[in-house]
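With positions in the sequence shown counted from 1, the corresponding number in this note's numbering is that position plus 19. For every residue, glycine included, the Cβ atom is placed at its ideal position computed from N, Cα and C.
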Amino acid sequence: IVSQYSNDIPEPPGSMYIRPTHIGTEAAIGKAAAPSINSMLYVLISPVGDYFAGGAKPLRVLLDETGMRCAPHMGMIKSGGNYASALGPIIAAKNDVQADQILFCPNGDVQETGAANFLLIDGNEIITKALDSSFLHGVTRSSILTLAADLGMKVTETQLSVEELLQRAAKPGVEAALSGTAAVLTSVGTLIHNDKEHTVGSGEHGPITQKLRQALNDIQWGKAPDTHNWLTRVK
Ligand SMILES: Cc1ncc(COP(=O)(O)O)c(C=O)c1O
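Shown next as structure tokens:
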């Protein structure tokens, strides 16, 4: 499909967004309670521009310890319902505290935001939640951790509590970032928790975040060797 529409792929930093979609199509009422035996898989593709055109400011992120993005056993699945259930709280966070996103931390466990994974960078260490079924296993998260290890960083996949996050984020030089296909790696400058604002490190774009973002972009845009064979060339 991508080769067929290769002329419509914009130059970097634009890209072709590919979204496989799978829906149940069995013609029967009552399918809310049982899986459909027929389904249709179709692929939406769309040229997209630079997600952060105009120079993104470091993000403001609200820590939410009481709600959750979606049901915990569904978190690793890219299902529409997961996104719908997070929209109300995200809109409220935008209106109430001018947050760009919510970082869902049910019972103090730092998970992910509405559509991106969360990483903390403390000196030479990059820390993020270890994989489990409660959150989406983003390919960007995996690529960034691989590139961080390539650069000699210590990669720690673990449980991170809100308490530890706030303690570490207050240290000078610490960086926080969101990872995702569209966001690539975007700095978080402020964490909002219980009506208090906590600046992450300097509150500005972090140099390590920018270095990792650039390293991934360089591979995606063919400027650096694709040593992990992540690119499939369109003929
Ligand atoms: C809930 C959620 N988490 C994380 C991500 C980041 O995943 P990826 O890096 O594969 O884009 C996404 C991307 O859509 C997402 O929807």
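- Taking T44 as the centre and dropping the five residues before and after it, the same chain places the C-beta of S55, N57, S58 and M59 closer than 7 angstroms to its C-beta, in chain order.
- It is roughly 43 angstroms from the alpha-carbon of D27 to the alpha-carbon of H217.
- Taking C-beta separations shorter than 7 angstroms and ignoring five residues to either side along the sequence, the partners of P32 in its chain run D69, following chain order.
- Excluding its 5 nearest sequence neighbours in each direction, G192 has C-beta neighbours in its own chain below 6 angstroms: G220, listed in chain order.
- Judged by beta-carbon spacing, D214 lies within the 9 angstroms limit of V116, meaning their Cβ atoms are closer than that value.
- Inclusion of E131 in the 8 angstroms shell around ligand 1 follows from its C-beta lying nearer than that to a non-hydrogen atom of the ligand.
- Between V21 and Y36, the alpha-carbon positions lie close to 10 angstroms from each other.
- Within the DSSP secondary-structure output, N136 pairs in a beta bridge with E131 and S198.
- Straight through space, the alpha carbons of G100 and A46 are spaced by roughly 21 angstroms.
- Taking non-hydrogen atoms of ligand 1 into account, the C-beta of A167 is found less than 8 angstroms away from none of them.
- For T165, the CB contacts under 8 angstroms within the same chain, skipping 5 residues up- and downstream, are H247 in chain order.
- P39: member of the beta strand (DSSP E) spanning S34 to G43, first to last residue.
- Counting only beta-carbon distances shorter than 6 angstroms to the non-hydrogen atoms of ligand 1, the qualifying residues in chain order are E131, A134, A135, N136, L155, G157, V158, T159, R160, S198, G199 and T200.
- Contact between A135 and T177 does not hold, since their C-beta atoms are separated by about 19 angstroms, which reaches or exceeds 8 angstroms.
- DSSP places Y102 in the uninterrupted alpha helix (DSSP H) bounded by G99 to V116.
- Looking only at I42, V203 and T132, the smallest Cα-Cα distance to S153 is reached by T132.
- The criterion of a C-beta distance shorter than 9 angstroms is not satisfied by I140 and A202.
- A check of alpha carbon separations from L82 across L106, I110, Q120 and S206 identifies Q120 as the nearest.
- DSSP, reduced to helix, strand and coil, places K215 within a strand of the structure shown.
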